[in-house]
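In the working numbering, the protein residues as written are 38 to 166. Ideal Cβ positions, reconstructed from N, Cα and C, are used throughout, including at glycine. This report concerns only the one structure given below.
Have a look at this one:
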């Protein structure tokens, strides 16, 4: 009986939280663009790929400046959220994400950071599919 209870806690497919992805809150530390912030965003996109059983392919987003957000990095993030939105619509979930824009020429402004985190939060509410 005890083994069955342990199996239910760790392995049962009927527990919905077992299939719910966890997206980290990504925050920027310092005045520039931190490696922790950019890698957190990419880890969250990897979590999204796994949540869709690898049927969703997202781009790796790299920021090549330590001082400001590259246009390519911002564009990549928005394209990935657009791809996720398209995939969700295919599964019957009409979810739209905010288009995130950089607000300053240096560092990461609070608006951009909030936009990205709000999009990941909206995505987490779509699971389990």
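Nearest candidate by alpha-carbon position, reference residue i, set the options
i: residue 157; options: 81, 64 and 68; result: 81
i: residue 165; options: 72, 85, 74 and 120; result: 85
i: residue 126; options: 93, 77, 152 and 79; result: 93
i: residue 160; options: 118, 142, 138 and 72; result: 118
i: residue 141; options: 76, 78 and 108; result: 108
i: residue 128; options: 147, 95 and 163; result: 163
Within 9 angstroms, strictly: CB atoms of residue i and residue j
i: residue 83; j: residue 74; result: no
i: residue 132; j: residue 122; result: yes
i: residue 149; j: residue 111; result: yes
Close beta carbons around residue i, own chain, < 8 angstroms, minus the five adjacent residues each side
i: residue 155; result: 135
i: residue 70; result: 100, 102, 103, 104, 105, 106, 144 and 145
Neighbour-count burial assignment, residue i, 16 or more Cβ in a 10 Å radius
i: residue 99; result: exposed
i: residue 115; result: buried
i: residue 87; result: exposed
i: residue 90; result: exposed
Neighbourhood of residue i by C-beta, 6 angstroms cutoff - its chain only, sequence neighbours within 5 removed
i: residue 68; result: 144
i: residue 139; result: 106, 111 and 149
i: residue 130; result: 163
Cβ shell of residue i (< 7 angstroms), same chain only, five flanking positions each side left out
i: residue 153; result: 63, 78, 114 and 137
i: residue 97; result: 79
i: residue 72; result: none
i: residue 124; result: 89 and 93
i: residue 95; result: 82, 85, 86, 117 and 120
i: residue 57; result: 164 and 165
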